[in-house]
DNA sequence: TTGAAAGCGCTACCAT
DNA sequence: ATGGTAGCGCTTTCAA
């Protein structure tokens, strides 16, 4: 089905058909109606590829935006992904997905993406090195990363203010009158964990508390939380409250307390997580947590992309969005 | 960056560049090397849009495949989605995502998709009526649905053999010597729930057991499971085992038993779920379940698409893949 | 094996 | 407001 087919069907020119599908083009309303009706009947839709091809370079635009991600099993990632794809569609963009398993593939993958003329790339991969994105820079392909800023500040990024997240967690535990506090770290080299710990620790010392006891889970998942709690049970028994670097860690720890340690939460130990994934609200957990402001983050990402499309490269930055406290049972 | 730019850079023709990127084209190996090297240096990648445009209709192909889905918060969906996108990429296809919130949007959405020249559509939306896909049929856009067959058998589909899933669950509970059994239904009108119940019930009567007591949760999520268990506590107390239409339902029920009913699982009540989502293996749940054969289903989906691309419409069918039992603590 | 040229479906610019 | 036409980047004949 092509524009010519439709044109022939209604007895008008190809140009007329094109205009009927172009917002604000000079065409008689009646004719536009007739053309649109015929198109609907014939199942015609302008070929976006051809359209992009013929549009002048200046405002060429495929409306395709790539989302790069490496892990869906992570509940926070899939939650973020839901919001991201919805927002993208709402603003008229079509999300393309790239599931990147190995960092080495990245340059190659981005090159392929450029073959699809994507308008921009959103990278949701906290653990990937910024160096991997050199190809985007080289192709001057608009890019925004989420969850991790480029060390050299050359890539626009959006992330939670992790330092603030640590402060909030500390504030909550301190207000409960607790003093012996701990922090469960995800990846030891993870920027997020490091910053959360910094905010947490600073807040404690400011309030004349002791520095937190740090437990190393090594990863951010449920199992890691369960395992670290089982392994470090003695440490946990001496604590009054812990801040976990992710909700999944907190939930694993919680279950270990319940089933292995027979440690009552929140009576003997208060637990606060970070992310506010849907499961945190489950009646079985009722986990208090520091909520990542997902909606705000998504809005910030779109705005950063928008700026790049408008050529406002000067105003780009590492955006940090404020998290908030969600208090539940733990 | 266009083929002409690369051609100029190496002092050859556009045609040569095109051939360098075409598998098995007639070109001197040395020249191909030079061109490929130059392309890499310049960050050139053939424009897939233009390529699709110029390729003869017969084997025209964008390598774009759309995935339609309506809910990512569902853990089974995101798990399935992970597998699907990976498999697609592995076979050289690029997944495009369409998050469909409202069924009415569907026709419109599919039309838009056709504008992107997608090679096929995979619909992962159990709860959408088959009628919504008329647009695909009209455009003769290859389509495969997952999780729900078209009543009239006109749309190729892949799903778990839900009847068999019910049988497996029954078999497990009967082998444990239990007789007073129940079934927790998700959506009362959901095909999956109905079939699972049928298999479950038939297996029970075959073994001379009573027909199962049916509890209606109304939805498939965690909260629905928690609520139905709390509401129907008295019924639950009289049962020895329940089969839940989804893992999320089972987990909600489990938590309600633990926290509200003080009912010991598995001693007083055995619970078996359906799906085998990652959370089912969490130490806090250790949920026995009927596993959906996700890898097999994904393979079947790709194979059905492949057949449509080869024009083998005669061999299409509603594929049913066998589930398997995963026994854990409950 | 190679370069020239036609044409894929479309939009944008011409004239009218 | 309308129809004709050039040309977007590419693949593919066709000659050579």
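Residue numbers (the numbering used here), protein chains in the order written: chain A, 3 to 332; chain B, 3 to 332. For each residue, glycine too, the CB sits at the ideal point set by N, CA and C.
Taking a contact as a CB-CB distance under 8 angstroms, the pair residue 282 (chain A) and residue 291 (chain A) counts as one, their CB atoms being some 5 angstroms apart.
Rounded to the nearest whole angstrom, the C-alpha separation of residue 40 (chain A) and residue 84 (chain B) is 39 angstroms.
Within the stretch 291 to 321 of chain B, complete beta strand (DSSP E) segments of at least 3 residues are not found at all. At a cut-off of 9 angstroms between C-beta atoms, residue 277 (chain A) does not count as an interface residue with respect to chain B. Within the same chain, 211, 212, 242 come within 8 angstroms of residue 181 (chain B) by CB-CB distance, once the 5 residues on both sides are set aside. Residues of chain B with a Cβ closer than 7 angstroms to the Cβ of residue 25 (chain A) do not exist; the shortest Cβ-Cβ separation is about 15 angstroms. Taking C-beta atoms under 8 angstroms as the contact rule, residue 205 (chain A) and residue 179 (chain A) fail to qualify, at a distance of about 15 angstroms. In this structure residue 109 (chain A) touches residue 137 (chain A) by the C-beta definition: roughly 5 angstroms separates them, less than 8 angstroms. Cβ contact annotation for residue 113 (chain A) (same chain, cutoff 7 angstroms, sequence separation greater than five): 137, in chain order. Within the stretch 35 to 52 of chain A, the residues whose Cβ lies closer than 7 angstroms to any Cβ of chain B are, in chain order, 45, 47, 48, 49, 50, 51, 52. Against chain A, the beta carbon of residue 135 (chain B) has no neighbour under 7 angstroms; the closest one sits roughly 13 angstroms away. The beta-carbon of residue 77 (chain A) is placed less than 9 angstroms from the nearest beta-carbon of chain B. Note that the stretch 239 to 258 of chain B does not touch the stretch 316 to 323 of chain B; fewer than 3 beta-carbon pairs, one per stretch, sit closer than 8 angstroms.
At least one C-beta of chain B is nearer than 9 angstroms to the C-beta of residue 285 (chain A). For the stretch 137 to 164 of chain A, the set of positions with a beta-carbon nearer than 8 angstroms to some beta-carbon of chain B reads 137, 140, 141 in chain order. Fully contained in the stretch 59 to 147 of chain A are the following alpha helix (DSSP H) runs of length 4 or more, in chain order: 77 to 92, 107 to 117, 136 to 140. Contact between residue 330 (chain A) and residue 289 (chain A) holds: their C-beta atoms lie close to 6 angstroms from each other, under 8 angstroms. DSSP lists A:187 as the bridge partner or partners of residue 218 (chain A). With a 10 Å radius around the Cβ and a threshold of 16 neighbouring Cβ atoms, residue 27 (chain B) comes out exposed. Contact check for residue 71 (chain A) against residue 49 (chain A) fails: the beta carbons are separated by 9 angstroms or more. The beta-carbon of residue 266 (chain B) is placed no less than 9 angstroms from the nearest beta-carbon of chain A. Look at residue 228 (chain B): its C-beta is under 9 angstroms from a C-beta on chain A. Taking C-alpha positions only, residue 68 (chain A) is separated from residue 99 (chain A) by approximately 6 angstroms. Boundaries of the beta strand (DSSP E) around residue 274 (chain B): 272 to 277. When 8 angstroms is used as the limit between beta carbons, residue 127 (chain A) is near no residue of chain B, the shortest such separation being about 14 angstroms. Per DSSP, residue 245 (chain A) is one residue of the beta strand (DSSP E) stretching across 243 to 246. For residue 237 (chain A), the enclosing alpha helix (DSSP H) begins and ends at 235 to 239.
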